[in-house]
Structures are given as C-alpha cells and as structure tokens.
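Peer 1:
Numbering (this note's numbering), first residue to last: 2 to 98.
Below is the structure:
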C-alpha cells in the first residue's frame, strides 16, 4: 500500500537541495548554502551523498582565483525526486480516503 521513501531524499537538507535544483537546474554552492541555511561542512557532506547516488553532478572550478562549486540535477535525480514526491502524495491520499 505504501511505497518506500527514498532514504537519500528523506533527509531534510538533501531534499531541500534537490527541491532547489529541480527549479533552477543548476546552482552554485554558496546559493544553495544561503537558501538552505546550512553550514558549509554539513552541506558539503550532503551534496557528496547526492553526487554518490548519481542524483546531482558537481563541477569544481576556479573563477577569478576563487573556488566555484556548481551543482546540477541529473536525469536520474529528476526521476528519483518525482518518484519521491509521488510516494509522499500516496501517503497523503490515504489519510483523505
């Protein structure tokens, strides 16, 4: 009856990162940190978990001698996010029916 929720996306910060990226397709680390109000260290760990799962791509480069980390959602990430949202909707529908 209930679909299992993706444990990668079930973390509040990882879900917030994915929610941001689904809307903008690409964002730099500073933007994500500011929008999620996360510490740089915690965000870095959670971004790595999303990358390891194949849900986001992370590009590290330099711009004007400053490091720039950019995150972009992958097709696999979009699919996982959509499945997660649909599973949550099923949970909510059961309560209404």
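Cβ coordinates follow ideal geometry from the N, Cα and C atoms, glycine included.
Return the Cβ separation of residue 59 and residue 75 in integer angstroms, given the expectation that the two are a contact with Cβ distance under 8 Å.
Peer 2: Position 58 of the chain shown, counted from the start, is the residue given in the question as residue 59. Position 74 of the chain shown, counted from the start, is the residue given in the question as residue 75. With 8 Å as the limit, residue 59 and residue 75 do not qualify as a contact, their Cβ atoms being about 10 Å apart.
Peer 1: Between which two residues does the beta strand (DSSP E) holding residue 71 run?
Peer 2: The residue labelled residue 71 in the question sits at position 70 within the chain shown. Residues 67-74.
Peer 1: Between which two residues does the beta strand (DSSP E) holding residue 7 run?
Peer 2: Here residue 7 corresponds to residue number 6 of the chain shown, with the count starting at 1. Here residue 7 belongs to no beta strand (DSSP E), and DSSP marks it neither H nor E.
Peer 1: Going by CA-CA distance only, name the one from 48, 24, 39 and 90 that's closest to residue 9.
Peer 2: Residue 9 sits at position 8 when you count from the first residue of the chain shown. Cα-wise, what sits closest to residue 9 is 48.
Peer 1: If you check the beta carbons only, do residue 33 and residue 79 fall under 8 Å apart?
Peer 2: In the chain shown, counting from the first residue as 1, residue 33 sits at position 32. In the chain shown, counting from the first residue as 1, residue 79 sits at position 78. Contact: no.
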